[in-house]
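The structure appears below as structure tokens.
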Amino acid sequence: MISEVRFGEMVDVFDVVDNIAWVQNRADDYVGYTFADAYGQELCNPQHRVGVLRTFLFSAPRLKSQPIDMLTLGTLVEVMGAPEDGFVPINPHGWIYEKHLMPTDVYYHPVETALRLLGVPYLWGGRSPVGCDCSGLVQLCLELAGVQAPRDSDQQRHALATDVIIDWESLPLERGDIIFMDGHVGLMASAFELVHANAHHMQVTVEPLADAVVQAGPLVAWASAKDFMQAVAA
Numbered sequence: 002m003i004s005e006v007r008f009g010e011m012v013d014v015f016d017v018v019d020n021i022a023w024v025q026n027r028a029d030d031y032v033g034y035t036f037a038d039a040y041g042q043e044l045c046n047p048q049h050r051v052g053v054l055r056t057f058l059f060s061a062p063r064l065k066s067q068p069i070d071m072l073t074l075g076t077l078v079e080v081m082g083a084p085e086d087g088f089v090p091i092n093p094h095g096w097i098y099e100k101h102l103m104p105t106d107v108y109y110h111p112v113e114t115a116l117r118l119l120g121v122p123y124l125w126g127g128r129s130p131v132g133c134d135c136s137g138l139v140q141l142c143l144e145l146a147g148v149q150a151p152r153d154s155d156q157q158r159h160a161l162a163t164d165v166i167i168d169w170e171s172l173p174l175e176r177g178d179i180i181f182m183d184g185h186v187g188l189m190a191s192a193f194e195l196v197h198a199n200a201h202h203m204q205v206t207v208e209p210l211a212d213a214v215v216q217a218g219p220l221v222a223w224a225s226a227k228d229f230m231q232a233v234a235a
């Protein structure tokens, strides 16, 4: 798996052969193959997203009804009707617990989101609370802060960062800054700690930046939160 298309994201379909579709995710322009029967009708007007790490889509507005799918943090949904017993119907079908949703214009600081994801297993190509890689974590955290970011760490570096030409210990690092090693990316949880999805611990962890440098190598680029944060205050 090279990346993940989450429920509610739009894809453009370029070709289909034997139920295998060549698609592009409109959320980040990433291209790849997926099963043709994995996508459905277009969401008309998604005004909510999932605000908890994971929640179930149920077949009926009852907690004992059959789960249809699991939806994860940030998933876009379109509410299609009035609440019933605490659940709301969503497009294309199914019911979700209303209190697990939030409006799409509500944002969170990226570090707040990252710390909620501590312990999520490392998964190459993942970009959800089921499993994520380093750039998938950063992309999701920025998305929930109202900042669109590319999928891969090299693309994120090109779009957001400035190359580091001095010793990293001299950088005025702050909470929310994004730091890049060679092939790796993470968010500063404080001036000295990094929160990142990493293969060393095989999960999302927070640890001293100095320890992460030993594992992943020196900093090569840095993006100050003051430069890229738009929708939420630090």
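My numbering numbers the first residue of the sequence shown as 2 and each following residue consecutively.
Think of the CB as a built atom: it goes at the ideal place given N, C-alpha and C, for glycine as much as any other residue.
- For Cys-135, no pairing in a beta bridge is given by DSSP.
- If the five residues before and after Ala-213 are omitted, its C-beta is found closer than 6 angstroms to the C-beta atoms of Leu-195, all from its own chain and listed in chain order.
- Within the stretch 99–182, the runs of alpha helix (DSSP H) that reach at least 4 residues and sit entirely inside it are, in chain order, 111–117, 135–144, 154–161.
- If you look at Asp-228, you'll find it in the alpha helix (DSSP H) that goes 226–229.
- Within the stretch 4–54, the complete beta strand (DSSP E) segments of 3 residues or longer fall at 12–18, 21–26, 32–36, 49–51, listed in chain order.
- Taking Gly-127 as the centre and dropping the five residues before and after it, the same chain places the C-beta of Glu-5, Cys-133, Asp-134, Gly-137 closer than 7 angstroms to its C-beta, in chain order.
- Counting C-beta pairs closer than 8 angstroms gives three or more between the stretch 88–105 and the stretch 50–58, which meets the contact rule.
- Counting C-beta pairs with one atom in each stretch, the stretch 88–100 and the stretch 15–25 have fewer than three that are closer than 8 angstroms, which means they do not touch.
- The straight-line gap separating the alpha-carbon atoms of Arg-63 and Trp-223 is approximately 48 angstroms.
- The beta-carbon separation of Ala-150 and Val-139, rounded to 7 angstroms, stays under the 8 angstroms limit for a contact.
- Going by DSSP, Gln-204 is part of no alpha helix (DSSP H) but of the beta strand (DSSP E) stretching over 204–209.
- Taking all protein chains shown into account, Ala-39 has fewer than 16 neighbouring C-beta atoms within 10 Å of its C-beta and is therefore exposed.
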